[in-house]
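Structure, as structure tokens:
Numbering (our numbering), first residue to last: 1 to 226.
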């Protein structure tokens, strides 16, 4: 049975006890910690900056990734030079020089990932797919936690999986937005490698139990698909 990674976004977390929440989730099987970095240059909201993300990454014993929801992401990539931040996603729509951004991320020692908004076609991405380690499909509009998933966008995951198989690429496929225990099985069945979950973990009274519940639903979906 394949393993689907759970990545926990702290966008909706209680920052007064964030380290304790992360450690609780990690001890219950959270695979990755996900930082959504927004500064209003690309989304209507602001979250926290790269320095806060790097500081948190130093304090927790779990692999991390950063999702840059900012215009001109090349300006802040160097601020994420923390070994535990293994993957850095930039938005294809946020730069006119995607290959330069990819090169910069690689030079820093991180894995480059590309993210796309709901309105962006997979076809536009095809020329960068050989150069990235991961592709993040947003199932909601970027920057606002707690939105309902747009299920019609799940077809993008199928497209990415088909391209990967046809071309022999090795990128991982991540889905982000509106993923809850009641719908994560449907998302898993499309063939994702990483489920990025926010409020269903860190807006819950017990993040550790929330992770366990998500894992049970993932395993149930994978067993049904066999």
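Heads up, the beta-carbon is just placed ideally off N, CA and C, and yes, glycines get one too.
Task: Beta carbon of residue 63 nearer than 8 Å to that of residue 93 - done: No.
Task: Sequence-distant residues of the same chain with beta carbon closer than 8 Å to residue 219, five excluded per side - done: Counting only Cβ-Cβ distances below 8 Å, and skipping sequence neighbours, we find 1.
TODO: Under the assumption that residue 118 contacts residue 141 (Cβ atoms under 8 Å), give the Cβ distance between them as a whole number of angstroms.
DONE: Going by Cβ atoms, the distance from residue 118 to residue 141 rounds to 6 Å, so yes, they are a contact pair.
Task: Nonlocal neighbours in the same chain, by C-beta distance under 8 Å from residue 101, ignoring five residues either side - done: Within the same chain, 73, 74, 77, 90, 95, 112 come within 8 Å of residue 101 by CB-CB distance, once the 5 residues on both sides are set aside.
- [ ] Take residue 59 and list the residues in its own chain whose beta-carbon comes closer than 7 Å to its own, dropping the five residues that flank it on each side.
- [x] Here the set comprises 19.
TODO: Tell me where the alpha helix (DSSP H) around residue 8 begins and ends.
DONE: Going by DSSP, residue 8 is part of no alpha helix (DSSP H) but of the beta strand (DSSP E) stretching over 5–9.
Open item on the list: Between the alpha carbons of residue 158 and residue 30, how many angstroms are there, rounded?
Closed with: The alpha-carbon separation between residue 158 and residue 30 amounts to approximately 25 Å.
- [ ] Please list, in chain order, all residues of the same chain as residue 108 whose beta carbon is under 6 Å from its beta carbon, the five residues on each side excluded.
- [x] Counting only Cβ-Cβ distances below 6 Å, and skipping sequence neighbours, we find 81.
Task: Residue environment, residue 168, which counts as buried when at least 16 other CB atoms sit within 10 Å - done: The residue in question, residue 168, is exposed, as its Cβ has fewer than 16 Cβ neighbours within 10 Å.
- [ ] Note down the Cα distance separating residue 200 from residue 68, rounded to an integer number of angstroms.
- [x] Each residue's alpha carbon lies about 21 Å from the other.
- [ ] Would you kindly work out how many angstroms separate the C-alpha atoms of residue 134 and residue 174, rounded to a whole number?
- [x] One C-alpha to the other measures close to 7 Å.
Open item on the list: With a threshold of 7 Å on Cβ separation, who are the neighbours of residue 187 within its own chain once the five nearest residues in sequence on each side are excluded?
Closed with: Hits under 7 Å: 154, 175, 179, 195.
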